[in-house]
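Numbering (my numbering), first residue to last: 1102 to 1466.
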């Protein structure tokens, strides 16, 4: 068993057992296992270009970790990536995926203040204001240009935080308003008001599992919840449409809480745990992150969600090996699939770092 997990399990139960562990000890254990996950990913590149969404998610998580544990090696890793790619996005300005790396670029800009870090981000965002003015087409089925709009729910993690962060650092609300416009178009198409969940894309509307349940993908809804958490962090409290996002976040949070399994994870098919059943870490990491952020930000009551978060965190730590590799991460896909212990991905490591950053803050409350 992972030694760091044994330590963490001890500290998470210490309050109830009357042991001498302090809140600082508990938080230090979280940072230790997060650092191990960072070291693993740095030592095991996947071969994917670092500006792609997979690594964009990793660096988004690394920046979150850096904010709570500002180690120079984390900053060096992020600066090395940015300098290597000249602080640019992949040149596909209508594709939501390319904006994932913008989370890190903009976060570092807020700390360092160097305009070169966000010049290309602004260029790509501005291209979305210069398009043909027809209404976005967020259909997936039969749409050869589906990638030009936010047609899949993963997009709600990739692009919206970059829009809101850019609006925050420039003081220009047009980027926030554009995000709001595009999110609500996707929401109207993919959100199931009864289930309080998002379909991954419209191919799954009307589909059922072998047991007759609707098909809602764990990681897909994890992308949405994590995207909401990041959007809310850079959205002004006084923004006129903020209530839509806080209400949606809370509505989904209670639904996600209901669907957690006793072992602490969420199955890859949320409404049918027998459909490709078994452990899955990427969706669980995103949910752990988002729900814990909700507690820390005062959006969710701690009494309702603390145990949900800590159960998820316990599960995740059980599945980080001695080298820092998070296992049971569903590979790149778009729907529920089988997951194996040796499955891992950079975005899974990043989601774990996001969760660690919020759990760290929770344990210091």
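Built from N, CA and C at the ideal position, the CB exists for glycine as well.
Model, not experiment: these values are computed from the prediction.
Taking the Cα of residue 1320 as reference, the smallest distance to any Cα among 1263, 1432, 1306 and 1243 is reached at 1432. A contact between stretches requires three or more CB pairs, one per stretch, nearer than 8 Å, and the stretch 1352-1369 meets this requirement with the stretch 1405-1417.
Bridge partners of residue 1293 according to DSSP: 1298. For residue 1230, the closest alpha carbon among the candidates 1140, 1201, 1280 and 1200 is that of 1280. When C-alpha distances from residue 1295 are compared across 1327, 1142, 1260 and 1352, the shortest belongs to 1352.
Residue state for residue 1465 is assigned as coil, using DSSP reduced to three classes. Between residue 1377 and residue 1324, the CB-CB gap reaches or exceeds 8 Å.
For residue 1162, the closest of 1150, 1176 and 1149 by C-alpha to C-alpha distance is 1176. By the CB criterion at 8 Å, residue 1400 and residue 1340 fall outside the cutoff. The three-state reading of DSSP puts residue 1181 in helix, counting H, G and I together. Between the alpha carbons of residue 1241 and residue 1297 lies a distance of about 21 Å.
A direct Cα-Cα distance of roughly 21 Å separates residue 1310 from residue 1382. Here residue 1315 is bridged, per DSSP, to 1309. Scanning 1141, 1260, 1244 and 1239 for the CA closest to the CA of residue 1250 turns up 1239. If only complete runs of 4 or more residues are kept, the stretch 1196-1284 shows the alpha helix (DSSP H) at 1203-1213, 1220-1228, 1256-1259 and 1261-1271, in order along the chain. Residue 1411 is positioned such that its CB atom lies no closer than 8 Å to that of residue 1420. At a Cβ-Cβ threshold of 8 Å, residue 1455 and residue 1390 count as neighbours. Relative to the Cα of residue 1266, the nearest Cα in the group 1138, 1178 and 1210 belongs to 1210. By the neighbour-count criterion, in which 16 or more other beta carbons inside 10 Å mark a residue as buried, residue 1232 falls on the exposed side.
Residue 1164: member of the alpha helix (DSSP H) spanning 1154-1169, first to last residue. Closest by C-alpha distance to residue 1224, out of 1213, 1247, 1237 and 1199, is 1199. Close CB contacts of residue 1329 within its chain, under the 8 Å cut and outside five residues either way in sequence, are with 1257, 1346, 1349, 1350, 1353 and 1391 (chain order). For the set 1283, 1169, 1215 and 1142, the Cα lying nearest the Cα of residue 1195 is the one of 1283.
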